[in-house]
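Number of protein chains: 2
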Amino acid sequence: MNYFQTNFNDLKDELETQLKTCKKFSEGLFLDISRGKPSQAQLDLSSALLDVGHKNLENNIPDVRNYGNLEGIPEAQKLMAILIGCQQEDVIIGGNSSLSLMFDVISCFFIHGIDGNPWCNQKIKFLCPSPGYDRHFSICEYFGIEMIPIKVNDDGPDIERIKNLVKNDQNIKGIWCVPKYSNPSGIIYSDHVVKELANLSPAASDFRIFWDNAYSVHDLMEPSDLFDIFYEISKNQKNELVIAFSSMSKVTFAGSGISALACRGKNLELLKKYYSFKTIGFDKINQLRHVKFFGKDKNFKQNLKLHMRKHAEILRPKFNLVHEVLEFNFKNNPIISWSKPGGGYFICVNTFGSAKRVVDLCAENGLKLTPAGVMFPYGIDLEDSTIRIAPSYSSLEELKKALEIFCACVKISALEKLLKMRR
Amino acid sequence: MNYFQTNFNDLKDELETQLKTCKKFSEGLFLDISRGKPSQAQLDLSSALLDVGHKNLENNIPDVRNYGNLEGIPEAQKLMAILIGCQQEDVIIGGNSSLSLMFDVISCFFIHGIDGNPWCNQKIKFLCPSPGYDRHFSICEYFGIEMIPIKVNDDGPDIERIKNLVKNDQNIKGIWCVPKYSNPSGIIYSDHVVKELANLSPAASDFRIFWDNAYSVHDLMEPSDLFDIFYEISKNQKNELVIAFSSMSKVTFAGSGISALACRGKNLELLKKYYSFKTIGFDKINQLRHVKFFGKDKNFKQNLKLHMRKHAEILRPKFNLVHEVLEFNFKNNPIISWSKPGGGYFICVNTFGSAKRVVDLCAENGLKLTPAGVMFPYGIDLEDSTIRIAPSYSSLEELKKALEIFCACVKISALEKLLKMRR
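Quick mapping for you: the protein sequence lines, in order, are chains A and B. If you count the first sequence from 1, you need to add 183 to reach this note's numbering. If you count the second sequence from 1, you need to add 183 to reach this note's numbering.
The following block contains the structure:
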C-alpha cells in the first residue's frame, strides 16, 4: 500500500492494523539495536587470542610483561599500520580504546596547543560531518569546542563547504572524519574527497583532520579500497595535516582490543611527549597476543582479511535481513529510504521528518534505537530524519522481531502525519 | 677507615685505591638500578594469570569481552578496594597504569574544575613532599602546576607546614602522597599524620589529597598497617578530600596489571562523567583474569597476602644485600646514611651533598642510577643529597657488582671533597 495514494478512510484502517501489529509483536519484548556491538558469535572468532598463554609469550626480549616501550612493540605497530593505512613508524599503540586516544589528542592540544598556543585559551571550532559518530561530538562538547555541521553526501562530506570554511576561519582547528563505512551513513569517501582533504589550506596552522578509520577492514562483501590519505599528504608536503586512528575493537574483542593512532612530525613529537608524562607504556602483553593471533608479520594482511571474512559471514545475513524486511515493507510505499552499505556496522534510515516519533514509538513497544538526533552536533537533526539501525548484536530471530516493530512504528508515524494533514 | 679521622696523604692513597677498585669492577659493565622494575622471577610469579584462557572466561554475563561497564566488573572493584583500602563502591577500575589515572584526574579538573572553575583558568599550586616520586612532579610540570616542596620526616611530610600552607593559600589545590613505603624514602605515614591530613581545612574548597597507595601490600617483612584515611574522612565528614590510587603493576605484571582510583561524592561523579566521554570501558578481560588469579572473593585478602609474600622472598635478599654492603663499607666511615624500609621498592641514600657527583661517577663507570635531583620538584635537590637505589630488577650477582661500583664512587666523591678542603 502506497500511503500517498490512499484515501483517508483506508489510512485510518491501516493505522488500526499497524497498531495491532505493534501490540502483537511487542508483547514482553525488550530488544536493543542502538549500538554497534559485536555479537557473541563474532567475539567467539577470537577465542584463540585468549589462549595465547605464557608459553607463547615467554622469551620475549625485552620482556613484554615489564614496564616500558611507550610506542608499543614493533610487530604491533606493523599490524596496526595495516589497519590504519600508514607506515609503521607513524604509529603509537594505545590501550583498548581508540576513542580514548582521540580524547587524549584533544587533551594534549587543549593543554599545550600545537604551535605553543594552548587550545584552552582559544575559541575552538570543529567541522562535524553529520550524521556522524555521536561520541566524536561528545568529545567536542566536553572540551567546549563549537561544532559546525557539514552535510554528508554519497562521496563524503561537502568538500567545497569545508574548503571555504577552513580557509577563512582560523578558529576552525579540526574535522572529524570516518572515511570508510561512515558511522552511520555507511558511505566511503571518494578519491576526490580524500585528495581534496589532503590538500586543504586552512587559515589555522594547527588545523588537523581527525581520521577515524574505524571500519577500514570491515567489509561485508568484497573489500573496498579507501584512497590513501597518508600518501597524498606526503605528496602535498602536508604531512602534519592528518591524525589517524583505528582499533581492534570490532576485529577481536570490543572491550579488550588494542588501539592505535598514526601521525607525523610535530604531531608525533607532541603526542609522544604527552604519553611520556601520562604512562610508562600501554599493555604490551595484549599487543603481543594480537600479534601472535594474526601469525607471522608477512601474513598479517592475509590473516586479517580471512578473519574479517568470518565476521562478514556472521554480519551479512543480518544486514540482508534488514534490507529484505525494509524492501518488503516499503518498496511500494516510499515513506522512508535507507542505506545499503558495503561494510561497517550501521544502516541509516531516512524517515523524512519522523525520526523522533519513530524512536519514541519503538521505545514504547520495547525496542531501543539510538536516540534521534545524537548523530548530529548538539543532538539537533534539523530535518528530524535520521535513524541508525545497528543489526550486529541481535540474533537473526531477535532482529526479525525488532524489524517488525520498527516497520510498524515507521508506518504508524507516517499515518499519524498523513491523517493529520488530510483532516 | 673513617675519612674524617684520616690524614691528607692516607686520603690520597685511599683515592688511588678506590679509583682502581672502580676500574676493576667497571670493565665492560652496564648495569641499571635506576627504576623500580620487578625482576623476571617476580613476573614469573603471575604466569598463571596469562593462562586464564577462554575456558575460564566463558559464560560471563554480561560478556566481559564486549563493550561497556565503565567502573569495571564488581569483583575487580572488590579486589582493588582491598589494595587501596576503601569501599568497593568508591572504586573505578582503570587500564594498566595508575599514573594514567592520576594524569586523567588532573586533566578532568584542568578542563572542568571541581566547583565549576576549571583549573586551566587558575594559578594552581601543589604541595610536593620530597624526596618524592618523580612522575608525580612531571605531571605538575606538564600542567604548569607550581610545586611547593614539603620536607619528609620519618613519620610523613611536615604536617604543621602543610596545615599552615593550605589554610592560607586558596591556590593550593593538591598534595601528592605515597603514604606507605614512600618513594623513595621508604617511610610509612604515622597515624597522627594520616589523621591530620584527613582533617585538613584548606582555603580552597577544591583542594584534594592525591593518595597514591602504590605499595599498600608490598611488605618485605611482616605486613605493616597504614592508618585508614577513608575511615577518617568519613568521621570528619570530609568525604571529598581524598582521591586514592593503586595498581597491580608491582603485584602481577608491571606493564599489564590493572589500576584503580577511589573517591567519593562529587569527585566520583565528575570522574565517571570524564570517563564516560573518554571511553566505553577499560579492559574487562584483564580485570577478570586478575579476579580469577586471586581466587574466590572471600579469599582475595589471604591470596593477595600469600602472593606478596613470594615477592618479598625474592626482594628481601636484594634489600639485605644492599644493607650488608653499605654496612660493610660505611659502618665506620659515616660519609653516607641510608634508609632501611620495611617494604616498597627503594633504598634512599643520603650523601650529604654529593648526589650529583656520585651519580655522574657511577654513570662513567657503567652504572645507571636515578638522576640526582629528579625526586624533587623542578629537579632541584637543594642539599644535593638524595640518591635512590632500586635493587629489584638486577640479579643478586649483578646487584653486588653494582654496589661495589656505587660504594667506590661514593668514596671517591667524598675523598675529592675532603682533599680539596684540606689542600
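Ideal Cβ positions, reconstructed from N, Cα and C, are used throughout, including at glycine.
A straight-line Cα-Cα distance of about 34 angstroms links A387(B) and H319(A). Q223(A) reaches chain B at D246, R248, N249, counting residues in chain order whose Cβ is nearer than 9 angstroms.
Chain-ordered, the chain A residues with CB closer than 9 angstroms to the CB of N469(B) read N279, S439, D466, I468, N469.
Taking the CA atoms as reference points, K356(A) sits about 11 angstroms from C311(A). Cβ contact annotation for F465(A) (same chain, cutoff 7 angstroms, sequence separation greater than five): G255, I276, G277, G278, in chain order. The shortest CA-to-CA distance from D564(A) to any of F477(A), E587(A), N533(A) is the one to N533(A). Closer than 7 angstroms at the C-beta level to chain A, one finds these residues of the stretch 225-243 of chain B: L226, S230, L233, D234, G236, H237, L240. Per DSSP, T200(B) has no beta bridge partner at all. Flagged as an interface residue toward chain A: Y325(B), by a C-beta distance shorter than 8 angstroms. Secondary structure at M330(A): strand, using DSSP grouped into helix, strand and coil. Look at S283(B): its C-beta is under 8 angstroms from a C-beta on chain A.
Not one beta carbon of chain A lies nearer than 8 angstroms to the beta carbon of C446(B).
Along the stretch 332-420 of chain A, the alpha helix (DSSP H) occurs as fully enclosed runs of 4 or more residues at 342-351, 374-380, 412-418, listed in sequence order. Within chain B, the C-beta atoms nearer than 8 angstroms to that of F286(A) come from F460, K461, T462, in chain order. Between H494(B) and the set K220(B), C360(B), I216(B), the nearest pair of CA atoms involves K220(B). Residue environment for A443(A): buried (at least 16 other C-beta atoms within 10 angstroms of its C-beta). For the options L601(B), F208(B), I595(B), R606(B), the alpha carbon positioned closest to that of E199(B) is the one of I595(B). If you compare the alpha carbons of F589(A), G525(A), L601(A), F511(A) with that of S365(A), the shortest gap goes to G525(A). Rounded to whole angstroms, the Cβ separation of M285(A) and I328(A) is 12 angstroms, and the two are not in contact under 8 angstroms. Contact with chain A is absent for K346(B), since none of that chain's Cβ atoms lies less than 8 angstroms from the residue's Cβ. With 16 or more other CB atoms across the displayed protein chains lying within 10 angstroms of its CB, R391(B) is buried. Under a criterion of Cβ atoms nearer than 7 angstroms, the residues of chain A adjacent to F436(B) are, in order, R248, I468.
Beta-bridge annotation (DSSP): G268(B) is not paired with any residue.
For G549(A), the CB contacts under 6 angstroms within the same chain, skipping 5 residues up- and downstream, are S209, L212, F213 in chain order. Relative to I345(B), the option among F309(B), I416(B), D317(B) whose CA is nearest is F309(B).
In the three-state DSSP reduction, V274(B) falls in the strand class (E or B). Residue range 579-605 is occupied by the alpha helix (DSSP H) that includes C590(B). One finds F460 in chain A with Cβ atoms closer than 7 angstroms to the Cβ of S321(B), taken in chain order. The beta carbon of H473(B) is closer than 8 angstroms to those of L232, A259, L262, M431, T435, G440, I441 in its chain, skipping five residues each way along the sequence.
Using a Cβ distance threshold of 8 angstroms, E379(B) and I331(B) do not count as a contacting pair.
Counting the other CB atoms within 10 Å of its CB gives G315(B) a total of 16 or more, which places it among the buried residues.
In the displayed model, D215(A) falls within a strand according to three-state DSSP. If you draw a straight line from the Cα of K306(A) to the Cα of S290(A), it is about 15 angstroms long. Taking a contact to require three or more Cβ pairs closer than 8 angstroms, the stretch 497-507 of chain A and the stretch 578-592 of chain A qualify as touching.
If the five residues before and after L240(B) are omitted, its C-beta is found closer than 7 angstroms to the C-beta atoms of V247, I468, L471, all from its own chain and listed in chain order. The DSSP assignment places 530-533 as complete runs of the beta strand (DSSP E) inside the stretch 511-549 of chain A, in order along the chain (cut-off: 3 residues).
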